[in-house]
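Residues in the sequence shown are numbered from 450 upward in steps of one, following my numbering. Just so it is clear, CB atoms sit at the ideal spot from N, CA and C, and this is done for glycine as well.
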Amino acid sequence: MTERDTGAAVAAIRARAAHSPSIGVILGSGLGRLAEEVRDAARIPYPDIPGFEKSTAPGHAGELVVGRLEGKDVAVMSGRFHYYEGYEPQAVTFPVRVLRAWGVTTLVVTNASGGLNPAFKAGDLMVMSDHINFMGMNPLRGPNDDRLGPRFPDMVGTYTEELRALAHEVDRDLREGVYVAVAGPNFETPAELRMLRGFGADAVGMSTVPEVLVARHMGMRVLAISTITDMATGIPGQIEHVTAEAVLEVANNAGRRLADVVKGVIARL
């Protein structure tokens, strides 16, 4: 995306929002409840922001909510874009470019994922300590704009240790682990799940990594939290049939706790 594209989007947001946040939040499937708690909020539908696509995934409202949360100015993406929706990687991650151009320096990302670690259970929350990109794409591919970030970003320490510590301080029962991202939209086969667990992943999902790659490219601090919506171990005798409806139900049920964690971290920033 060009600087002009980013500038047009930022101008459109500033025209509707009175706040200038340094904290951005991306809400995943079924996790839109937090957006309802933003005070003095301007709600901007994605189609009203130049360069933003339409969010088609279930449980994604598709609007940017700008206002106050825990006494801090925040920009909350109620819904995200996914590679499986047919969007190019640069379109999926364009909102992160816009948030950074607008002045956001800390990004909190949430998602719904399947649990690969047999010690986990549905409804757990997992702080992401690292990731594996198994999507077969990278939003940083192509010409690099050195004004935005380096050609070859260092990924060590991508998930900011300080923010992870704050999350554990807020909720002592949080899990922590490695997230592997796949392209989707189908849920994985049992053989694929066993392979991904063999890679060292604790949870699997279809989002987050593209946005994190772009955030890291631009030097943003990142906290990512997964809601474990089902146990996707692929182990014979422990295989579950997964549906989008069931995923949303668990995500919605865990939404209150996840909202409390995110708010607790924001309050401590």
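Can you tell which of the options has the C-alpha that lies nearest to the C-alpha of residue i?
| i | options | result |
| --- | --- | --- |
| V691 | V671, T609, V653, V714 | V653 |
| A467 | D522, L548, M680, E537 | D522 |
| G626 | G591, I677, E618 | I677 |
| G520 | E486, V629, E502 | E486 |
| G633 | D622, D603, M586, T607 | M586 |
| A673 | H666, A681, E660 | E660 |
| Y533 | S562, N635, M669, G473 | N635 |
| V658 | N582, L589, T609 | N582 |
| M667 | V553, T559, L697, A524 | V553 |
| N560 | A457, M577, Y536 | M577 |
| G481 | N701, L718, D709, R706 | N701 |
| V629 | H580, A693, A457 | H580 |
| G473 | A460, R529, G591 | R529 |
| R624 | R590, T555, L556, M575 | M575 |
Leaving out five residues before and five after residue i in sequence, what residues of the same chain have Cβ atoms less than 6 Å from its Cβ?
| i | result |
| --- | --- |
| R517 | R488, D489 |
| V514 | A484, V487, A490, R492, V525, S527 |
| N593 | R600 |
For residue i, does the count of other Cβ atoms within 10 angstroms reach 16, so buried, or fall short, so exposed?
| i | result |
| --- | --- |
| V605 | exposed |
| A614 | exposed |
| S675 | buried |
| P494 | exposed |
| S562 | buried |
| P567 | exposed |
| S656 | buried |
| G637 | Rather than Gly, the amino acid found at residue 637 in this sequence is Glu. When all chains shown are included, E637 counts as buried. |
| F648 | exposed |
| E512 | buried |
| A458 | buried |
| A708 | buried |
If I measure Cβ to Cβ from residue i and keep anything under 7 Å in the same chain, skipping five residues before and after, which residues do I get?
| i | result |
| --- | --- |
| P496 | K503 |
| G565 | The sequence given here has Leu at residue 565, not Gly. The answer, listed in chain order, is L642, L645, R646, A650, D651, A652, V653, A681, T682. |
| R549 | M667, M669 |
| W734 | Nothing about residue 734 can be read from this structure; the chain reaches only from 450 to 718. |
* Asked: Can we say the segment 707-717 touches the segment 590-607, given the rule of at least three CB pairs closer than 8 Å?
  -> With a cut-off of 8 Å on Cβ pairs, the segment 707-717 is not in contact with the segment 590-607, counting fewer than three such pairs.
* **Whole alpha helix (DSSP H) elements within the segment 611-699, 4-residue minimum** => Considered as a whole, the segment 611-699 harbours 639-647, 658-666 as its complete alpha helix (DSSP H) runs of no fewer than 4 residues, in chain order.
* Asked: With a cut-off of 8 Å, do at least 3 Cβ pairs link the segment 616-624 to the segment 532-548?
  -> Touching, no, given that fewer than three Cβ pairs across the two stretches are closer than 8 Å.
* To do: For the segment 512-595, list the alpha helix (DSSP H) runs that are entirely contained and at least 4 residues long, ordered along the chain.
  => Taking only runs of at least 4 residues, the alpha helix (DSSP H) segments lying wholly in the segment 512-595 are 538-551.
* **Completely contained beta strand (DSSP E) runs for the segment 452-513, where each covers 3 or more residues** => Along the segment 452-513, the beta strand (DSSP E) occurs as fully enclosed runs of 3 or more residues at 472-476, 488-494, listed in sequence order.
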